[in-house]
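Notes follow once the structure below has been shown.
Residue numbers (full-length UniProt numbering): 1 to 139.
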């Protein structure tokens, strides 16, 4: 699996949500950040951990298409009334990460879980075909 540079997928109009003033500009002009990702290997597959504080199931989309795993969504601001931001390290806005999967990943059995701001994606190894002898017939 290898990471790709972030880009907004064509036609991702769902990244814009009505009423979100920060997102009223065209998608092409919005800041897209790349969340930190850790990848671990086990005998039965890979585990991808993405640090996504502030992300909910409603603002997260995960898909596999053409051997590409893509995570995208948005982090909304949670402003408290009567306060002024003095320092901010957590990114706000849209995020995107994309990875090319190799043929060893079973796309049909990928699972994901979001808990406490961490997305865990399990990428199981595909079962390899057992070699078999092929009988050759004559006419």
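For every residue, glycine included, the Cβ atom is placed at its ideal position computed from N, Cα and C.
I think residue 105 touches residue 49, with their Cβ atoms under 8 Å apart; what is that distance to the nearest whole Å?
Here residue 105 is taken as the residue at index 105 of the chain shown, counted from 1. Here residue 49 is taken as the residue at index 49 of the chain shown, counted from 1. That pair is no contact at about 16 Å.
What residue does the beta strand (DSSP E) around residue 70 start on, and which one ends it?
Here residue 70 is taken as the residue at index 70 of the chain shown, counted from 1. Note, residue 70: beta strand (DSSP E), 68 to 75.
Put residue 94 into one of helix, strand or coil per three-state DSSP.
Position 94 of the chain shown, counted from the start, is the residue given in the question as residue 94. Looking at residue 94 - three-state DSSP - the assignment turns out to be strand.
Roughly how many angstroms lie between the CA atoms of residue 91 and residue 64, to the nearest whole one?
By 1-based counting over the chain shown, the position of residue 91 is 91. By 1-based counting over the chain shown, the position of residue 64 is 64. Those two C-alpha atoms are separated by around 25 Å.
For residue 86, count neighbouring C-beta atoms within 10 Å of its own C-beta (all shown protein chains included) and say buried if the count is 16 or more, exposed if not.
For the purposes of this step, residue 86 is taken as the residue at position 86 of the chain shown. By the 10 Å Cβ count, residue 86 comes out exposed.
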